[in-house]
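**Q**
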Amino acid sequence: MNLYKKGKKNVKYEMNNSKSFHNKESRAYNILSIDGGGICDVLPALWLSEIEYRTHRPISYLFDMITGTSTRGFIAAGLSVLSWKSYNTRNHLFYDDLKYSVLNPKFSALDLLNIYQSEIKNFFTTDSSWSFSKPKYTDEGRRSLFYRHFDGMYLNQALTELVIPAVNNLAQTHLFTRHDAIKNIKNYTFVDALMATTAAPTFFPSYKIEGRGIFLDGALHLNNPAMAAYEKANQYNVEKEKISVLSLGTGSYISDSLNTDLYKGQLFWAQNLHKAVLPQQEGNTDCLMYSLLENRYQRWQIWFEEPIRLDNYESIPNLLELGHQYIEELDASDENPINKLVESFEILST
3 MNLYKKGKKN VKYEMNNSKS FHNKESRAYN ILSIDGGGIC DVLPALWLSE
53 IEYRTHRPIS YLFDMITGTS TRGFIAAGLS VLSWKSYNTR NHLFYDDLKY
103 SVLNPKFSAL DLLNIYQSEI KNFFTTDSSW SFSKPKYTDE GRRSLFYRHF
153 DGMYLNQALT ELVIPAVNNL AQTHLFTRHD AIKNIKNYTF VDALMATTAA
203 PTFFPSYKIE GRGIFLDGAL HLNNPAMAAY EKANQYNVEK EKISVLSLGT
253 GSYISDSLNT DLYKGQLFWA QNLHKAVLPQ QEGNTDCLMY SLLENRYQRW
303 QIWFEEPIRL DNYESIPNLL ELGHQYIEEL DASDENPINK LVESFEILST
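Position one of the sequence shown corresponds to residue 3 (the numbering used here), numbered consecutively onward.
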């Protein structure tokens, strides 16, 4: 597969390394929120690569906090993980004595997009003994992917605030955060956090972290984690009027059949519950975020004419085409939200 066929030339970062957005004196606090969506992760990865191309800056420089649910946790982690391993132990906040902004992320958004195209097939390792009572895939593929790219890295080493949702064995929302890791309350590895947030029921087994419990996919509770990130920023004493949020969807499809009969049988809801509940969760979060932030909340989302399975990696070329079309629509619109976003970053960098 040719990687990112319509892609721009490689991003060349151009930024003042003596300056960082991540300080209390900054005029804005930017949050990047990425929905859950399986193989549709290529959409936010594509859009973020466009932002990096236009700003000549890494996403970790532009946003103070990044949150991603399920496999979007991989994007959130990849955009904020260091390009080199800490030379100190997990119990020491290694960048205290360094200039924050000289530390570069290991991956650009374009790198992550190309990883999805070249490696995502291996993410879904079929269980040869599969039956309806067992998950469709083993942990082998995703564990291998996460160790290959994040081995030895801890959440306290992230370049931005990081919020990765999961669901614990008590059916409670659990947030893996850099903030807690810095305080050494819950300093998880990137691998553990990613294994937990991607443990999607029926697709993968639940994930156990020794001494911490058993976890399931974060999309079960927070497919759109924008509100959770906003609440965390409030807890971190960020002034509300400074907060701006870019929320990236991963495409949505709602079958007309969901509206024809309110009394479908059990089998129907077992097969279609995610189509009704997850879009509803996303919509509720959108309405609330718009009411709180108004024009400081941007939501990028596309709608599918046909459903796309979470594990259908063969749909990637079509998804990229749709993603490019959406960028063109943003550019062509009267409001041109992508240019406004880029301009806001340029103002902050002056």
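Think of the CB as a built atom: it goes at the ideal place given N, C-alpha and C, for glycine as much as any other residue.
Give me the residue from 231, 38, 237 and 49 with the minimum Cα distance to residue 196.
**A** Measuring from the Cα of residue 196, the nearest candidate turns out to be 38.
**Q** Between which two residues does the beta strand (DSSP E) containing residue 32 stretch?
**A** Counting along the chain, the beta strand (DSSP E) containing residue 32 begins and ends at 31-36.
**Q** Can you give me the C-alpha to C-alpha distance between residue 337 and residue 52, rounded to a whole angstrom?
**A** Looking at the two C-alpha atoms, the distance is approximately 18 Å.
**Q** For residue 154, does the count of other Cβ atoms within 10 angstroms reach 16, so buried, or fall short, so exposed?
**A** Result: exposed.
**Q** Whole angstroms is fine: what's the gap from residue 182's alpha carbon to residue 291's?
**A** Computed Cα separation, rounded: 24 Å.
**Q** CB residue 250 to CB residue 343, shorter than 9 Å?
**A** Contact flag unset, no.
**Q** Determine the DSSP secondary structure at residue 304, reduced to helix, strand or coil.
**A** Looking at residue 304 - three-state DSSP - the assignment turns out to be coil, as it is neither helix nor strand.
**Q** Alpha carbon to alpha carbon, what distance is there between residue 184 and residue 223?
**A** Near 25 Å, if we compare the C-alpha coordinates of residue 184 and residue 223.
**Q** Counting C-beta neighbours from all protein chains within 10 Å, is the total for residue 315 16 or more, i.e. buried, or is it exposed?
**A** Classification of residue 315: buried, given that the 10 Å Cβ count is 16 or more.
**Q** Going by beta-carbon coordinates alone, are residue 162 and residue 67 separated by less than 9 Å?
**A** For residue 162 and residue 67, yes; Cβs fall inside 9 Å.
**Q** If you compare alpha carbons, which of 158, 201 and 341 is closest to residue 171?
**A** Closest by alpha carbon: 201.
**Q** Can you name, in chain order, every residue of its own chain whose Cβ lies under 6 Å from the Cβ of residue 304, other than the five neighbours on each side?
**A** So the list reads 253, 324 and 328, once near-sequence residues are dropped.
**Q** Quick one: using the 10 Å Cβ neighbour count with 16 as the cut-off for buried, is residue 341 buried or exposed?
**A** Answer is exposed; the Cβ neighbour count stays below 16.
**Q** In terms of residue numbering, what span does the beta strand (DSSP E) encompassing residue 219 cover?
**A** That run of the beta strand (DSSP E) goes 215-219.
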